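**Q** Let me begin by handing over the structure; questions about it come next.
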Amino acid sequence: MSDRTPEHRIHTYPGGDLNTERVAFTADGLTLVGNLAVAADGAPAVVLTGPFTGVKEQVVGTYAARLHEHGLTTLAFDHRGFGESGGRRAHEDSQGKLADLRAAVSLLAAHPAVDAARVAVVGICLGGGYAVRAATTDPRIRAVVGIAGGYNSPVRFSAGDPDGYRQALVSFVERYDDELPAVAADGAPAAMGGDEPFAYYGTERSAAAHWENRVTYGSLHALMTFDALGAAPLLAATPLLVVHGRTDAYCAPELAEALYAEATGPKEIRWLDAEQHIDLYDVEPYVSRAAGAAATFLHRHLGGATAMPTSP
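Just so we're on the same page, my numbering is the position in the sequence shown counted from 1, plus 824.
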C-alpha cells in the first residue's frame, strides 16, 4: 500500500503548549538554548538534532511535539552558531555539534525526571548523520533514529570525481570565512541550492524568529568532509532505526540503505513513499508516520508505554 496520500502541512512547534521549559546549558563554554518537554517521571528521553542551519522552532520542534505526544521526554535545542545559542554565527562546526550533543545528553541524564539509562538521540536530515556519529562516541546514548538522514561520506562523495572533490574543498577553504545565502530563489547561488530548500526555508513554512538565511563557505567544507556513514559499524550493539523517503534529491536513499547495511546491532529500516526530502519536514502523513515509527522503536528498546497514538 502506498504511503502517498493528499498532503497537508503542519505547523512547527513554538515551544509553548506542551508544558515546555526553556533551558540553557553549556558546551565548550558556549551557552546553548533549548526547549525541554517532560512527558512523565522516568519516561524515555530523546535529544533532537536537525537540518543544516535549522533552529529549534522548525523541524526539530515539530518532531519534539510529536514524540512528546507518544510519551517521550524531548529536548530540542539550537546548535552553536545558530538560533539563540552562542558561538560563531552561521558556521557549521562538526566537532562542535558533537560536543553540543554530549552536553545535551548530560542535561537530560542529570534531570530528576529522566532515567539516565533511557536516553536516545533522534536526528532529522543532516542531524541523522550527527545522531549516528554521536551514538558511536557516547555510550550513554542507548538508541539512535535517523529520519530523512544525511549520512555524508567523503569516500563516496569523491569516488566519481576525486579531482573535482578536491577542487571543491580548495574553493571552500579559499573563501572559508565568507558567507553565502542558505537558500535562494530562481536558481541563485546558495548553500542549499534549488527550488526545494527554498520552498521550505524561503517561505512561511519555516518561519522562525531566530533563523538566518546565511552560512559560511567553511560550513560547506565541514559538510563535505564529515563522515557519518563510516560510523555505522561503530554503533556496535546500539539499536538503529532508519526512516527515509524512497525519493530524496538531497539526502540520498542509497546512503541510508548503506548505513543500515553496515550497522552491526539491532536495526530497522522504514521506507516512506515521499516525493521530496522536505516532505518529512512538515508534510502529512509523512511526519506522523516517521514520528510514530520512531516512538514505537524507542519505547521497544528503551522501555516505556506501549499504548501510543496511531499514525495516520
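For glycine and all other residues, C-beta sits at the position ideal for the given N, C-alpha and C.
Since the model is a prediction, treat every value here as computed from it, not as a measurement.
Would you call the CB atoms of ARG1070 and ALA1098 closer than 9 Å?
**A** Locating residue 1070 in the sequence shown gives position 246, where the first residue counts as 1. Locating residue 1098 in the sequence shown gives position 274, where the first residue counts as 1. In this structure, ALA1098 lies closer than 9 Å to ARG1070 by Cβ.
**Q** Is it buried or exposed, PRO1063, if we count other Cβ atoms within 10 angstroms and call 16 or more buried?
**A** What you label residue 1063 is simply residue 239 of the sequence shown in a count that begins at 1. PRO1063 comes out buried.
**Q** Which residue marks the beginning of the beta strand (DSSP E) containing ALA1082, and which one marks its end?
**A** Stepping through the sequence shown from its first residue, residue 1082 is reached at position 258. Element bounds for ALA1082: not the beta strand (DSSP E) but the alpha helix (DSSP H), 1077-1086.
**Q** Would VAL879 be called buried (16 or more neighbouring beta carbons within 10 Å of its own) or exposed?
**A** Stepping through the sequence shown from its first residue, residue 879 is reached at position 55. So VAL879 ends up on the buried side.
**Q** Report yes if the CB atom of LEU925 is closer than 9 Å to the CB atom of GLY858, and no otherwise.
**A** Here residue 925 refers to the residue found at position 101 when the sequence shown is read from its first residue. Here residue 858 refers to the residue found at position 34 when the sequence shown is read from its first residue. Result no, Cβ atoms of LEU925 and GLY858 do not sit closer than 9 Å.
**Q** By Cβ distance below 8 Å, which residues in the same chain neighbour SER1135 in space, the five residues on each side in sequence not counted?
**A** To locate residue 1135, count along the sequence shown from 1; it is residue 311. Annotation note: pLDDT 40 at SER1135 (below 50); position unreliable, coordinate value reported separately. Answer for SER1135: PRO1109, SER1112, ARG1113, ALA1115, GLY1116, ALA1117, listed in chain order.
**Q** For PRO875, count neighbouring Cβ atoms within 10 angstroms of its own Cβ and tell me buried if that reaches 16, exposed if not.
**A** Taking the first residue of the sequence shown as 1, we reach residue 875 at position 51. By the neighbour-count rule (16 or more Cβ atoms within 10 Å), PRO875 is buried.
**Q** Which ranges would you report for the alpha helix (DSSP H) in the segment 975-1037 if only whole runs of at least 4 residues count?
**A** Listed in chain order, the complete alpha helix (DSSP H) runs (minimum 4 residues) inside the segment 975-1037 are 978-983, 986-998, 1019-1025.
**Q** Using the three-state DSSP reduction, which class does LEU856 fall into: helix, strand or coil?
**A** Numbered from its first residue, the sequence shown carries residue 856 at position 32. Strand, per DSSP.
**Q** What do you get for GLY970, buried or exposed, if any count of 16 or more other CB atoms within 10 angstroms of its CB means buried?
**A** The residue labelled residue 970 in the question sits at position 146 within the sequence shown. GLY970 comes out buried.
**Q** For the pair the segment 976-993 and the segment 897-913, tell me if three or more CB-CB distances fall below 8 Å.
**A** No: fewer than three Cβ pairs fall under 8 Å.
**Q** In three-state DSSP terms, what is ARG957?
**A** Along the sequence shown, read from residue 1 onward, the residue named residue 957 stands at position 133. The answer is helix: DSSP assigns ARG957 an H, G or I state.
**Q** Using 10 angstroms around the beta-carbon of GLN991, count the other beta-carbons present and answer buried if the total reaches 16, otherwise exposed.
**A** Working through the sequence shown from its first residue, we reach residue 991 at position 167. Classification for GLN991: exposed.
**Q** Taking Cβ positions, are PRO868 and LEU1122 nearer each other than 9 Å?
**A** Within the sequence shown, numbered from 1, the residue matching residue 868 stands at position 44. Within the sequence shown, numbered from 1, the residue matching residue 1122 stands at position 298. Yes, the pair counts as a contact, with Cβ atoms nearer than the cut-off.
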